[in-house]
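Protein chains in written order, with the working numbering: chain A, 1 to 286; chain B, 1001 to 1250; chain C, 2001 to 2236; chain D, 3001 to 3379; chain E, 4001 to 4335.
Encoded as structure tokens, the structure appears first; notes follow it.
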Amino acid sequence: MTQFAVFVLHGLAYAGLLFLVSSGLTLVFGMMNVLNFAHAAFYMLGAYFSYSILQWSGNFWLSMLLCPLILFVIGALVERFLLRRVHQHGHLHELLLTFGLAYIITEGVKWIWGNYSLAVSLDGFLTGQVSLLGITYPVYRLFIIGCAVAVGTAMSYVFYRTRVGIIVRAAVDDHEMVNALGINVPLVFMLVFAVGAALSGFAGVIAGPLLTTYPGMAAEILVDAFVVIVVGGFGSLGGALLASLIIGQLQAFGVLLVPKLSLALIYLLMAVVLVVKPSGLFGEEA
Amino acid sequence: MKDNGRILEVRDLYKDFSGLEVLAGVSFQVAQGERHAVIGPNGAGKTTLFNVITGKYKPSGGSILFQGRDITGRPPHQLCRMKISRSFQITNAFQELTVFENVRSGVRCLHGLRYHFFRRVDRDVAVNRRTEELLHLVGLGSVADAPVSTLSYGQQRALEIALTLSTDPELILLDEPTAGMTREETAEAIQLIDRVTRGKTLIIIEHDMDVVFSLADRISVLHYGRILASDRPHVIRDDQRVKDAYLGEG
Amino acid sequence: MLEVRDIHSYYGKSHILHGVSMTLQEGEMVCLLGRNGVGKSTTLKSIMGMVRPRSGSIRFQGRELIGLQPYQVARLGVGIVPEERRIFGSLTVEENLLIGKKNALDGGDGAQAWTLERVYQVFPRLHERRTNKGRHLSGGEQQMLTVARTLMGNPRLILVDEPTEGLAPLIVQDVLHMLAQVRRSGVTVLMVEQNFKAAVQVADRFYVMGKGQIVFEGDVDALLAADEVRKTYLEV
Amino acid sequence: ADTIKLGVVEPLSGTFKDIGERYLAGVQYAADEINAAGGLLGRKVEVIPIDSEVKPDVATRKATKLILKEGVNFFCGGTGSSVGAAMSALMEKQGGLFFTYGMDAASLTGEKCNRHFFRPGGSTDGRSYALAQWVVKNGYKRVAGIAQDYSFGQEAMAAFKKKLKELDPTVEMVAELYHPLGTKDYAPYISQLIAAEPEVVFTSNWGNDLMLLLKQGKPMGLKAKFVCYYANDDVLIKGIADDEAVIGSIGAEVYMLSIPTEANKAFVKKYHEAKGHYPTWLIGKGYTATMFWAEAVKKAGTTNVRKVIQAWEGLSYDGPAGTWTMRACDHQAQVPYWIGEIVKENPFFDHAYVADATMIPAEDVAVPCEETGCKAMGK
Amino acid sequence: MRRRSGNPGSVFPGIALVGGLLAAPLFLPLYHVNLLTEVIVFALYAVSYNLLLGYAGLLSFGHAMFFGTGAYVTAVALAHLPGLSVGSAILLSVAAATLAGVVTGALLLRHKGSYFALLTLAFNALFYAVATKWHSVTGGDDGLSVNRPNLDFLGVHLDLSDITTFYYFALITVGALIGYCWHFTHTAMGRTVLLVRENEERMKFLGYDTNISRLLLFTFTGALAGCAGSYYALFFEFTSISAISIEMTTTVLLMTFIGGTGSFLGPVLGALVYTLLHDKLSDITDRWPLIMGLIFIVMVLYVPGGLSGLIVSIRERLAGTAGKNAAQPLEGRKP
Ligand SMILES: Nc1ncnc2c1ncn2[C@@H]1O[C@H](COP(=O)(O)OP(=O)(O)OP(=O)(O)O)[C@@H](O)[C@H]1O
Ligand SMILES: Nc1ncnc2c1ncn2[C@@H]1O[C@H](COP(=O)(O)OP(=O)(O)OP(=O)(O)O)[C@@H](O)[C@H]1O
Ligand SMILES: CC(C)C[C@H](N)C(=O)O
Ligand SMILES: [Mg+2]
Ligand SMILES: [Mg+2]
């Protein structure tokens, strides 16, 4: 029983991480119709910057603040000077660009920080454990769940309650018209992309202490995030949330119940969804 | 006007796009060999009607009979092989490829040269000959090897018609074939259409009333997704509702 | 206030506007007539910057518009009510209106003549449906919403493209009254119409367009007098 | 005379960099020592580092290049039994010789064996047997096991279980887990271990996989003692940066810094003077094995691979880790094992490290020729 | 970019190439002959990928799943079916890859553009996971070593373990395949996929079942990739999970794009350049992937036509005919 509860928590922790990553990815895709292959690379950058910041400042909270900012700037620059350039070549080139970017970032990271995993060790209460109802559980994993919830709520608030959100959603419907209503759509897009990057950066910071920081982390999370999107439905926050939860639990209980299959489980899920509801759980029919 | 049986019958057709009802119970019939014009204000649903008949969209209700067979919801490529063919309001060709290959792609499909892994397309005499014919028919013979993107607007509209004919259809649907043409171009286009559609059945969407009244045997007026009237030109011209809805007072 | 001189616009290869010129005075309501496909909408889009003319000039309050992005044009105080209503289907009516609203950040001017309240006064129907998604509105309501959305930006000049397009005769009347009202509130109006009958009720001056060129300019009487023009370019 | 080239196939980049580099250091040191003493057959031994990235295909690609371009035909390596299997096959095709001091998967000298592959070092069988004996000797009854899900890990676990049953049928295997190489989040596995309530946890993990396992174990509340293949790793212990997490763990090796023999003490002293750091486990293994190979070449009196193979079979060598004998039937050296517990106080480092090692003689852990499953040695 | 049928621009270099390749072993050291064999194998892989990317406009991040399938089937078949001939091993691989193509294609091809790209990547990851986990068959992380059987065919007996012999074997058989691919681009099917890319809607209304044609092509290229994979296993005499990994997809993507998706021989050039660069760079620096990546990005930004596109436009520039739309292959219609 407690065993069960613990595994639910494991699942939630990973789900939280997944959601943090995939929500940014979905945001950018939903808004700008750009599938950003570099998204996970941004996530990795977040983790590495956080590592370095911890090295000199030793302050985790600081890195939690700074990294998203850095990534925000990087994202903005990428959109402005790279993505926009290839836009007229069509979305194939956008994909190729972000893909190449991901590739370079990964290699660059290996170059700068070395091609092996760096252990990010925390201090303070985050390292401790709490025990309730006979379960001892590391604080940090609960902390991750907390962050995910916070970000999720913030996003859906901005997205559905503020004028910015309205503009962005409208721009998805018909950006030329929004433009004609006096809104600088290119700027909006740049910001959206930057926010997406910042989100993934944040996710990276959070991931570091849990999974250690290593050059393979981008590729690993990217695939899972993609599966989240496929399962949840393109461009749907709600979908991303639900899918993250499902996959988180699959991961956790997969190891417990069908260790031999654990790696393949989420793909099975994906395949099933593709057959049953190709547009994903929350996606509108194409 | 001749009437040897119906070729097309549309029964109580509905189509809505996420709530917006564009076709609200359209019914009309077209006789074999007839030239039928569909008119109506912008957004009345004319193009949508074409899209539903030719299988681009599935209707949300109603049925379509072609030569007595129910073809509701069949995909375009099947309808095409049943000899229904349509043109587009805004030229819809292969911009990067030559005019010749554009038209050939329709012709060879007819000759069963679709997914063949070994036979070359440029070596099939029958196909090439037929393609040449069509190009001359629509007066594009001179620009056969030019890429579409270099054609004038008029020529592109002519190509649109050639493409529509390339699959040798019995029922031809033309969506504003003269849209964007000068008066002269329009006149030529009408002659062309008149010439190439002899013996076939034609349904044409057209805003230019000269065209409509000079060409059509029958006219259906589409308004708000409904057929307001479907009758001979002179009847339509004097129909009060039609005036209110579309023609306006002269 | 607005001076369009000899503009040429294209869609890809197709040459649509063959040198269109027109001028508008502050506060007047001008109507652009012409058959389908002659280039009326294209003219409006050219002014708005949604289509970029390859030559000619468009001056608004002395400022050249050609080369500006639509949002820049909009911030100068020009609003467009497009032909295909282009309301945001996934947003509620109220959200649609809020988009139109310019705030300091978007560089609008202080004078907020049009506010949600004001709009709802003028269009009670929208107030009733304010929580509905845009795509569920009837054609007429969508048309109102489009106009209202544009007004929320407090433009000095609005370009209205076929406001009565595909509307039931009754609604046509509503819309025309509404426009008259707008115009009375000091906004200059350039309206595209196919429906001659409707147009004459409200407009002070007329331009008639045939195949990409202005073929007539004058007031109602002049237009009624010019049988030749009406025959060739307007009537059936 | 030109040099005798020895290609050293190790991960020199990537997660297992530190392991590869230490093996290489050991081999290099042996080469230096040989060259200082006038070389091998009067020729210098030239060490050629090859970065395998622990990927079989990368290793064989680079090795092939060296064979075709430079005519190298002696190779060695210690990291990644998968690399070993691939190299072994390559050697057979290209007529070279490969020896390993760290690729422990028993199958390499078992069903995958061939005449061109030698193992002057430990194997999963030997090491697992040694650890099993220790567990039984200390009377533990509830044992759990966790290993990397590749041949090495599986064989290590299998051998451990086999010996355990042999020695004491009442011992209970309460959990047996496998995780993918390079797993980052051990929580789901640790929870299962905790739930199984073992007294000791056996693991053949190494490198990062061992570090994270130990590191994450304690915080999640895993109390059991770890019985490890590779716990006596200073880099690892430093990396964990939490002595509490490792103290009490057990390690077994064919070479340990803390082997209390005179021969070893001398070697350690000499090395430390030369290099300023200690010849820890991997370095020692690399060194000893390379010296053993050199012996074989000396005996053969030529670098002709066939001759060297013949010479090595049956040859014995006295090194810092005791007497090693290369068995002809499977090319698996018969070696004693050394077991040590991680303690706080030790003469070498200021962090925890292995206490003096106790020996388990080669005979006790030997696998009879007929049980190895090696068929390919028929001359 | 237009593909005039029988464009001489792509034939003559082809002939020159073949001549050079046949003579190669006479003047090249063994090591380079071996390297060239690798180039040939990758050339096939890249050509198959370009049929997908350059001709059909389908950007797949999962091509390695077929390549890998081919490689594994060859390895497993040769290991478990004693006396199996090279030919049948290759055929088996192709068959398997074809099957994989049909199945995955049926799932994937309901989607286009970004979604398709994303799915292919996910599926590649799936294949990778299976290959890693299915230890008993694939050997998991250990991989499988392959014994190249000798070739006995119509009385000809060839010892393929000899590098030069295997080179000629690969050159001739793979060469023939690539030759067919070139022919394919002029066949009805070849043109159909091109036209579908240009304007799918119109093709539907011209009577083509575009889903079928896309599935056929996807499967076809998959089969080719599988074949390449099979040769790869034979050449390398080893099959490891990296053969089915996403890196292997990246490799072919880089090769193809650097070589140029605009012309048929572009990818072949790409395979050559990539393999040589890889061989040279990896001696000098272990940063070579970074360099590759930079080259790639620069190309995406400034030379979307790739090297061959560059050559073409330079040639056109010299010939005075301003290369306005020289190799602009990926005119992806915006969604
Ligand atoms: N795919 C679609 N999704 C949503 N709404 C659509 C779609 N296609 C058409 N509509 C709407 O359906 C209505 C009718 O469109 P349609 O193109 O049939 O008009 P039409 O009669 O052809 O007008 P025109 O004379 O301008 O071509 C319009 O309001 C249009 O906005
Ligand atoms: N996006 C486009 N691409 C190509 N051609 C277009 C496009 N939009 C309009 N056209 C063509 O340009 C010409 C003028 O279009 P425009 O919309 O300005 O006509 P209009 O006078 O507004 O007619 P309507 O009364 O139907 O609105 C038409 O022939 C139309 O077919
Ligand atoms: C370096 C060693 C720990 C490598 C391990 N023994 C293996 O065979 O994979
Ligand atoms: Mg239409
Ligand atoms: Mg218009």
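Just so you know, even glycine gets a beta-carbon here, dropped at the ideal spot from N, CA and C.
For A/C67, the enclosing alpha helix (DSSP H) has its first and last residue at 60 to 77. The Cβ of E/F4153 sits no closer than 8 Å to any Cβ of chain D. In the assembly as shown, E/T4074 is a buried residue. Its beta-carbon has 16 or more other beta-carbons within 10 Å.
When 8 Å is used as the limit between beta carbons, A/E107 is near these residues of chain E: R4287, P4289, L4290, G4293, in chain order.
The Cβ-Cβ distance between B/V1052 and B/L1008 does not fall below 8 Å.
Counting along the chain, E/I4172 sits inside no beta strand (DSSP E); it lies in the alpha helix (DSSP H) bounded by residues 4163 to 4184. Under the DSSP definition of a beta bridge, E/D4152 partners with E/H4157. Of all residues in the region 1162 to 1178 of chain B, only L1163, T1164, S1166, T1167 come within less than 9 Å of chain E when Cβ atoms are compared, listed by chain position. When only Cα atoms are considered, B/S1105 and C/H2015 end up about 28 Å apart. As computed with DSSP, A/H91 is found in no beta bridge at all. Here B/T1197 carries a coil assignment [DSSP, helix/strand/coil]. In the displayed model, E/P4267 falls within a helix according to three-state DSSP. D/K3005 has D/E3046 as its beta-bridge partners, per DSSP. Put simply, the backbone Cα of C/P2082 is about 50 Å away from that of E/W4182. Per DSSP, D/F3016 is not a residue of any alpha helix (DSSP H), being assigned neither H nor E. Cβ neighbours of A/F282 within its own chain (closer than 8 Å, five residues either side excluded): G232, G233, S236, G238, G239, L242. Note that the C-beta distance between C/Y2071 and A/I183 is below 8 Å. Residue-level contact by beta carbon holds for E/Y4115 and chain A, with a gap shorter than 8 Å. Collapsing the DSSP output to three states places A/F37 in coil. In terms of Cβ geometry, A/A76 and A/A218 do not form a close pair [threshold 8 Å]. Across the region 3178 to 3189 of chain D, CB contacts with chain A closer than 9 Å involve Y3178, H3179, P3180, G3182, K3184, D3185, A3187, P3188, Y3189, in sequence order along the chain. With its beta carbon at least 8 Å from every one in chain C, A/G239 lies outside the interface. Per the DSSP secondary-structure output, D/F3099 pairs in a beta bridge with D/C3076, D/F3118. Ranked by how close their Cα comes to the Cα of E/A4271, the residues E/L4044, E/N4034, E/Y4055 have E/L4044 in first place. Sequence-distant partners of D/D3018 (beyond 5 residues in either direction) whose C-beta falls short of 6 Å from its own C-beta, in its chain, are V3235. Closest in C-alpha terms to A/L126, from the list A/C147, A/F189, A/G196, comes A/C147. Secondary structure at D/E3172: strand, using DSSP grouped into helix, strand and coil. Counting other Cβ atoms within 10 Å of its Cβ, D/W3312 reaches 16 or more and is therefore classed as buried. In the three-state reduction of the DSSP assignment, D/H3331 falls in the coil class. For D/A3085, the nearest CB of chain E lies under 8 Å from its own CB, placing it at the interface with that chain.
Put simply, of A/N115, A/R169, A/V78 the residue whose alpha carbon is nearest the alpha carbon of A/A198 is A/V78. Our two residues, E/A4096 and E/L4053, have alpha carbons roughly 22 Å apart in a direct line. DSSP, read as helix, strand or coil, puts C/V2020 in strand. Distance from the CA of C/H2136 to the CA of C/G2089, rounded to the nearest whole angstrom, comes to 8 Å. The beta carbon of E/A4071 sits closer than 6 Å to the beta carbons of G4229, Y4232, A4233, T4239, A4243 from its chain, once the five residues preceding and following it are set aside; these are given in chain order.
Selection A/F193, A/L82, A/V130, A/Y103 evaluated against E/R4287 yields A/Y103 as nearest (Cα-Cα).
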